[in-house]
Every structure is written in C-alpha cells, then in structure tokens.
Amino acid sequence: DTAVSQTPKYLVTQMGNDKSIKCEQNLGHDTMYWYKQDSKKFLKIMFSYNNKELIINETVPNRFSPKSPDKAHLNLHINSLELGDSAVYFCASSQEKSQPQHFGDGTRLSIL
Amino acid sequence: GDSVTQMEGPVTLSEEAFLTINCTYTATGYPSLFWYVQYPGEGLQLLLKATKADDKGSNKGFEATYRKETTSFHLEKGSVQVSDSAVYFCALSSGTYKYIFGTGTRLKVLA
Numbered sequence: 379d380t381a382v383s384q385t386p387k388y389l390v391t392q393m394g395n396d397k398s399i400k401c402e403q404n405l406g407h408d409t410m411y412w413y414k415q416d417s418k419k420f421l422k423i424m425f426s427y428n429n430k431e432l433i434i435n436e437t438v439p440n441r442f443s444p445k446s447p448d449k450a451h452l453n454l455h456i457n458s459l460e461l462g463d464s465a466v467y468f469c470a471s472s473q474e475k476s477q478p479q480h481f482g483d484g485t486r487l488s489i490l
Numbered sequence: 573g574d575s576v577t578q579m580e581g582p583v584t585l586s587e588e589a590f591l592t593i594n595c596t597y598t599a600t601g602y603p604s605l606f607w608y609v610q611y612p613g614e615g616l617q618l619l620l621k622a623t624k625a626d627d628k629g630s631n632k633g634f635e636a637t638y639r640k641e642t643t644s645f646h647l648e649k650g651s652v653q654v655s656d657s658a659v660y661f662c663a664l665s666s667g668t669y670k671y672i673f674g675t676g677t678r679l680k681v682l683a
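One line per chain: the protein sequences are A and B, in this order.
The first sequence: position 29 = 407 (my numbering), numbered continuously.
The second sequence: position 39 = 611 (my numbering), numbered continuously.
Below, the structure is given as structure tokens:
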C-alpha cells in the first residue's frame with residue numbers, strides 16, 4: 379500500500395487553465411504539506427495543514443489554494459496557471475513536529 | 573532564521589569510493605536533523621535522522637553524526653555503489669511544523 383499517494387503523476391496544460399492535484403495519506407498522520415521543487419531540485423514549502431487547519435502558508439500567490447477535507451487528504455488547486463508554475467509538486471505528511479516526513483512521488487506540472 | 577547549507581554538486585565517484593557530503597546548519601535551540609535521498613522520478617525518502625547532539629544516524633551503510641559544536645551533520649558512506657546515485661538532501665526541524673531543506677547534492681557513481 380502506498381503511504382502517500384498523489385494524482386495525477388503528470389499534468390500538461392495550457393497557460394491560463396485551472397488544475398487540481400490530489401493527495402492522500404494512509405499513515406494516520408496529523409500533518410500534511412505541499413512542496414514545490416524547481417528544475418534545480420530546490421525544495422520550497424508552500425502550505426501545511428494540521429488536522430485540517432492551515433498552519434503554514436508561505437509566500438505563495440493567491441492562485442494556489444489548498445483544501446483539506448479531512449486529515450488524510452490535502453488537495454491543491456491552482457487557478458490561471460502561468461509558465462513559472464512548471465515544477466514538480468510534492469505532498470508529504472508527518473505525525474508530529476520534527477518527526478520525519480513521508481513524501482509522495484510527485485506531480486510533474488508542465489505549462490505550455 | 574534557520575538554514576541548512578550543503579555542498580554544491582554534482583559529486584562524481586567511482587564505485588567503492590568513500591563518500592562525504594557536507595551539511596552545516598544554523599538554528600535556534602536543538603533541531604532534529606535528517607538526510608533524505610531522492611532517486612530519479614521519485615519523492616524524497618528518509619535516509620537517516622538524529623535528534624540530539626552526538627547522536628549517530630545510520631542506514632544502508634550511510635552514517636551521519638549530529639555535531640553541535642560545529643553545527644554539522646555530514647553524510648558519509650565507506651563504499652558507494654552505482655545504485656547510490658541520487659540527490660541527497662540535508663534537512664532540519666526546530667520543534668515546529670516547518671522543515672528547512674538544503675539545496676540538494678547530486679551524487680553520480682560510476683561503475
């Protein structure tokens with residue numbers, strides 16, 4: 379069983395479109411995260427939810443909106459996609475503060 | 573604020589060579605320290621961790637020791653294999669939900 383699963387794995391779309399990425403974890407963790415990894419492998423945190431509550435919201439454009447319907451799911455919706463949004467987006471989860479994070483395999487978003 | 577600095581890559585080694593990837597950090601308090609590995613097309617996987625000074629984390633032949641006096645957490649392996657080729661990330665967490673990652677070091681091992 380995959381611990382942290384993201385869908386889709388690949389997303390190719392046109393500039394200006396709206397898209398969503400879904401994430402689910404079956405580890406029973408309380409905290410989930412979204413990261414953006416650029417082409418140089420730099421990993422930047424975007425959002426974090428703890429028990430469905432937003433606890434980290436880094437400087438991310440308002441076009442990005444996370445939603446956590448329950449503590450096992452954290453989805454990411456992106457409006458009006460721009461070329462600079464092309465990246466790999468990773469979902470992760472952890473049980474407690476400072477505990478190791480478990481990552482999904484990523485969603486590669488390509489904007490044409 | 574907290575930060576992690578790791579050596580620039582890529583690092584290219586021959587099989588069975590000794591590996592060191594340097595990692596230093598700045599943090600308030602006593603952070604937990606981690607090494608993650610990312611294989612091509614995959615997410616990050618925890619390689620090892622250490623939660624207090626002088627702790628040694630180890631896994632799959634990799635080791636790293638939490639050195640508070642030098643604020644370092646260098647990754648070492650005595651004999652690398654081609655299958656170790658990947659990107660390695662040093663990270664810390666200072667008792668909050670936020671994790672700080674280094675920029676990653678790409679390792680390429682040649683047969």
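Just so it is clear, CB atoms sit at the ideal spot from N, CA and C, and this is done for glycine as well.
The structure displayed is predicted, hence computed values, not measured ones.
Residue from the options with nearest C-alpha to residue i
i: L619(B); options: S666(B), Y597(B) and L605(B); result: L605(B)
i: L490(A); options: V390(A), T437(A) and T385(A); result: V390(A)
i: T598(B); options: T577(B), G615(B) and E588(B); result: T577(B)
i: T677(B); options: V609(B), T668(B) and A636(B); result: V609(B)
i: A683(B); options: Y669(B), G667(B) and S657(B); result: S657(B)
i: C662(B); options: Y388(A), Q479(A), S383(A) and P444(A); result: Q479(A)
i: T592(B); options: I672(B), A636(B), G629(B) and G667(B); result: A636(B)
i: V659(B); options: Q384(A), L405(A), E402(A) and L421(A); result: L421(A)
i: Q403(A); options: A470(A), L432(A) and S417(A); result: A470(A)
i: T668(B); options: I434(A), G462(A) and V466(A); result: I434(A)
i: E648(B); options: F673(B), N594(B), V583(B) and D574(B); result: N594(B)
i: L432(A); options: M410(A), N440(A) and R486(A); result: M410(A)
i: G462(A); options: G394(A), Y388(A), A381(A) and G406(A); result: G394(A)
Cross-chain neighbours of residue i in chain B, by beta carbon under 9 Å
i: Q392(A); result: Neighbours of Q392(A) on chain B: none; closest Cβ ~24 Å, over 9 Å.
i: I423(A); result: K670, Y671, I672 and F673
i: T409(A); result: Y669
i: I399(A); result: Those within 9 Å of I399(A) in chain B number zero; the least Cβ separation is about 13 Å.
Contact set for residue i: own chain, Cβ-Cβ below 6 Å, skip 5 residues either direction
i: S446(A); result: Y427, K430 and L452
i: Q392(A); result: L490
i: S586(B); result: L682
i: A625(B); result: Y638 and K640
For residue i, the three-state DSSP class (helix, strand or coil)
i: D448(A); result: strand
i: L461(A); result: helix
i: D476(A); result: Per the sequence shown, the amino acid found at residue 476(A) is Ser instead of Asp. It is coil, neither helix nor strand.
i: V609(B); result: strand
i: S651(B); result: coil
Chain-ordered chain A contacts of residue i [CB-CB under 7 Å]
i: T668(B); result: K475
Residues near residue i by beta carbon distance below 7 Å, same chain, minus five either side
i: M424(A); result: W412, Y413, K414, E436, V438 and F442
i: K449(A); result: D408, N429 and K430
i: F468(A); result: Y413, Q415, F481, G482 and G484
i: Q653(B); result: E587 and V681
Residue i and residue j closer than 8 Å at C-beta
i: F590(B); j: A622(B); result: no
i: G484(A); j: G633(B); result: no
i: L679(B); j: G613(B); result: no
i: S458(A); j: D396(A); result: yes
i: T596(B); j: S666(B); result: no
i: S417(A); j: G482(A); result: no
Proximal residues of chain B, C-beta to C-beta of residue i below 8 Å
i: P444(A); result: Chain B residues near P444(A): none, gap ~14 Å exceeds 8 Å.
i: P478(A); result: F606, L618 and K621
i: I456(A); result: Neighbours of I456(A) on chain B: none; closest Cβ ~19 Å, over 8 Å.
i: I489(A); result: Chain B residues near I489(A): none, gap ~20 Å exceeds 8 Å.
Interface residues of chain A facing residue i [CB-CB closer than 8 Å]
i: E614(B); result: D483 and G484
i: Q591(B); result: Here the sequence assigns Leu to residue 591(B), which means Gln is not the residue at that position. Going along chain A, no residue has its Cβ under 8 Å from L591(B), so there is no contact; the nearest lies around 18 Å.
Contact set between residue i and chain B, taken where Cβ atoms lie within less than 7 Å
i: S426(A); result: Y669
Listed by chain order, chain A residues near residue i by CB distance under 9 Å
i: F661(B); result: K419 and L421
i: G601(B); result: What G601(B) touches in chain A: nothing, since even the nearest Cβ is about 10 Å away.
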